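K.L.:
I have a structure here, written as structure tokens, and I will follow up with some questions on it.
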Amino acid sequence: MAYEGKFRDSCPIICAAGIKNKPNHSVGESLQHYTLEDGIQALKSDFHVPEKEYKPTKLPKISANSRSCVLTESREILRPPDQTRYRQLITDLKESTYESYWKKNLGTPIDSVPAFPEGMKVEEHTFGKPNVYDVTVKDLIQPPQDPYQVIQDACQSYYSDKGKASTLPEETKAFGTYYGYDKRGLKVKCLLHAPPAGCVRPISKIQVDWRLRNANKLGKCSRANDILETLPDGHVFGIPYRRSMYTVEDLLREPNAPVSCEVRDIRSWLVSLNRLKMQIRRKFDYCDTLYETLKSVDKDNVGYISFSQLLENMRCLEIFFNIPNIKALMEYLQIIVNDKVDYVKFLDSVTGRIVLDKISDLSSDQIYLTSTYQDICRDYFLPDENVGRPVAGLPSLKTCAGNSVNPYSENYVQLSDHTDVKACLQPSILTQFSLSHRDFFCTFILIAMTD
-10 MAYEGKFRDS CPIICAAGIK NKPNHSVGES LQHYTLEDGI QALKSDFHVP
40 EKEYKPTKLP KISANSRSCV LTESREILRP PDQTRYRQLI TDLKESTYES
90 YWKKNLGTPI DSVPAFPEGM KVEEHTFGKP NVYDVTVKDL IQPPQDPYQV
140 IQDACQSYYS DKGKASTLPE ETKAFGTYYG YDKRGLKVKC LLHAPPAGCV
190 RPISKIQVDW RLRNANKLGK CSRANDILET LPDGHVFGIP YRRSMYTVED
240 LLREPNAPVS CEVRDIRSWL VSLNRLKMQI RRKFDYCDTL YETLKSVDKD
290 NVGYISFSQL LENMRCLEIF FNIPNIKALM EYLQIIVNDK VDYVKFLDSV
340 TGRIVLDKIS DLSSDQIYLT STYQDICRDY FLPDENVGRP VAGLPSLKTC
390 AGNSVNPYSE NYVQLSDHTD VKACLQPSIL TQFSLSHRDF FCTFILIAMT
440 D
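Every letter in the sequence shown is one number past the one before it in this note's numbering, and letter 242, counting from 1, is 231.
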């Protein structure tokens, strides 16, 4: 209490930072005071749940034969429809090229096996080259020539027939992969054995499995090659979406501040302006006629007419538009001032392009960028303008000192008045409570401290 009564409060409007002092409590315990309500508010502000976008799913195109069975394509061949004798005779005459088909009796074929020549013995006659049985079993087991010699003789005969003078390839060098010669015949024995019963599958079963796997199912998306099953967890198809960084304005924005509706209103105004342009283009190829009409109303040649006169002339020309939106846009562009319309600028905006200034998402009353140190210096002199306005961000650069900002290599655990953007985004407990070294040397009055 050595400094009691030696200092006075320079600005009684501002309340002291921190909480009320309690007996037997130190300054550190007061600064570390963190209530349950503050913790809940911090968790709510940090918690971010992305909004789900529900997009309507397009149903696949269902083919006409989707409800048919597997043997749809072969049903007409396996079970042909019943025909009359005359229709069957005409079909045979058109499709058959054999004389035996033309001479056969209806219902009973002449040949035992259809489509073969008449009188042919099917059990005795075979097609193709006859089998050669000159090779003995001894030659098969122990051939007289080496396999490499057989290949060499084949190459020599090939080159001799072509009549080309070229060197024969070396025995150790050949195209392709190495083929291991099976001298014992184990691989041949494996090939001659019948395959196991489990490997044999009928064609109809393969066709059914393929159609069930690739058919379009109602309410399910197409999954080619089971691509959804092979997709890892947490991964999706498409281009990854990269979230943009927060701007300085978003970091300093008051969370409870209402969003400005100026952008939305101007967009609706521009829609009405475009419709007005389209109507004028349908009526006139050039705006000289409209200009002469509006100029004739201006008797004093001052360049201004009333808004009611403009509406009356537009109705006479059968040009109708959204009156509130057009009037609000013209007042925003300062074409209409005190219910007086500058018809030259009006025609320029209708026929040409208009230039709009940059519009912020927040109103100008809510964007108030200042620091706590600037508030300490200015609230005492300008109490009427600054009372009730939110303080933007955290304490930044000290304006009354000529020293530079701390370099990047400094330790930011204990922040001073000299700070930077990184310290503002990762503040310490002093900056969280908006405290500086001056607050510890000021005399606090308990009456001025309110909740």
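Think of the CB as a built atom: it goes at the ideal place given N, C-alpha and C, for glycine as much as any other residue. On a predicted model such as this, the values are computed, not experimentally measured, just so you know.
1. On the criterion of 16 or more Cβ atoms from any shown chain inside 10 Å, does ARG232 qualify as buried, or is it exposed?
2. If you count every other CB in all the chains shown that lies within 10 Å of the CB of ASN314, and 16 or more means buried, which is it?
3. Please tell me whether, using a cut-off of 8 Å, the distance from the CB of GLU42 to the nearest non-hydrogen atom of the ligand ADP is below it.
4. DSSP state of TYR293, grouped into three classes?
5. Taking the straight line between their C-alpha atoms, what separation do you get for VAL286 and MET267?
6. If I measure Cβ to Cβ from GLY292 and keep anything under 8 Å in the same chain, skipping five residues before and after, which residues do I get?
7. Give the straight-line distance between the Cα atoms of THR24 and GLY17, rounded to the nearest whole angstrom.
8. At 3 residues or longer, what runs of the beta strand (DSSP E) sit wholly inside the segment 277 to 336?
9. Can you have a look at PRO45 and say buried or exposed, based on whether 16 or more other CB atoms are within 10 angstroms of its CB?
10. So what's THR113 in DSSP terms, helix, strand or just coil?
11. When you compare the segment 289 to 306 with the segment 252 to 262, are there three or more beta-carbon pairs, one atom per stretch, that lie closer than 8 Å?
12. Do you know whose CA, among ASP71, PRO191 and ASP27, lies nearest ASP35's CA?
13. To the nearest angstrom, report how far apart LYS309 and PRO39 are at their CA atoms.
14. If I measure Cβ to Cβ from ALA317 and keep anything under 8 Å in the same chain, skipping five residues before and after, which residues do I get?
15. Between which two residues does the alpha helix (DSSP H) containing ARG173 stretch?
16. Under a three-way DSSP split, which group does THR80 fall into?
17. Suppose you measure from the CA of THR125 to the CA of PRO133; what does that come to, to the nearest Å?
18. Round the Cβ separation of LEU322 and ILE343 to the nearest angstrom and send it over; I've been treating them as touching at under 8 Å.
19. Please return the same chain residues whose Cβ sits closer than 7 Å to the Cβ of PHE105, not counting the five positions on each side in sequence.
20. Can you look up VAL260 in the DSSP assignment and give me helix, strand or coil?
21. When you compare only the Cα positions, how much space is there between ARG271 and VAL326?
22. Could you check whether LEU265 and VAL339 sit closer than 9 Å to each other, using their CB atoms as the reference points?
23. Can you have a look at PHE226 and say buried or exposed, based on whether 16 or more other CB atoms are within 10 angstroms of its CB?
24. Judging by CA-CA distance, which residue of PRO119, GLU113 and MET319 is the nearest neighbour of LEU336?
25. Rounded C-beta distance between LYS329 and SER297? I'm assuming under 8 Å.
26. Roughly how many angstroms separate the alpha carbons of ILE468 and TYR280, rounded to a whole number?
27. Under the three-state reduction of DSSP, which class applies to GLY108: helix, strand or coil?
28. So for VAL252, helix, strand or coil by DSSP?
29. Tell me whether MET303 is buried or exposed, calling it buried when 16 or more other Cβ atoms sit within 10 Å of its Cβ.
30. Classify LEU299 as buried or exposed, calling it buried when 16 or more other Cβ atoms lie within 10 Å of its own Cβ.
31. Measuring straight from C-alpha to C-alpha, what distance separates ASN120 and TYR137?
32. Can LEU207 and PRO70 be called in contact, C-beta distance under 9 Å?
33. May I ask you to report which of helix, strand or coil DSSP gives TYR122?
34. Alpha helix (DSSP H) containing THR73: first to last residue?
P.N.:
The relevant details are as follows:
1. Note that ARG232 has pLDDT 48, beneath the 50 cutoff, so the model's placement of it is unreliable and the number below is only indicative. So ARG232 ends up on the exposed side.
2. buried
3. No copy of the ligand ADP appears in this structure; indeed no ligand is present at all.
4. strand
5. 24 Å
6. ASP331, TYR332 and VAL333
7. 15 Å
8. 293 to 295 and 329 to 331
9. exposed
10. Looking at the sequence shown, residue 113 is not Thr but Glu. It is coil, neither helix nor strand.
11. no
12. ASP27
13. The sequence as given places Phe at residue 309; Lys does not occur at that position. About 44 Å.
14. ASP254 and TRP258
15. Unbroken run through ARG173: none, as it is neither H nor E.
16. helix
17. 12 Å
18. 7 Å
19. VAL111
20. helix
21. 29 Å
22. yes
23. exposed
24. MET319
25. Actually they do not touch by this definition, with Cβ atoms about 11 Å apart.
26. Past the edges of the chain, shown from -10 to 440, lies residue 468, and the structure says nothing about it.
27. coil
28. helix
29. buried
30. buried
31. 26 Å
32. no
33. coil
34. Unbroken run through THR73: none, as it is neither H nor E.
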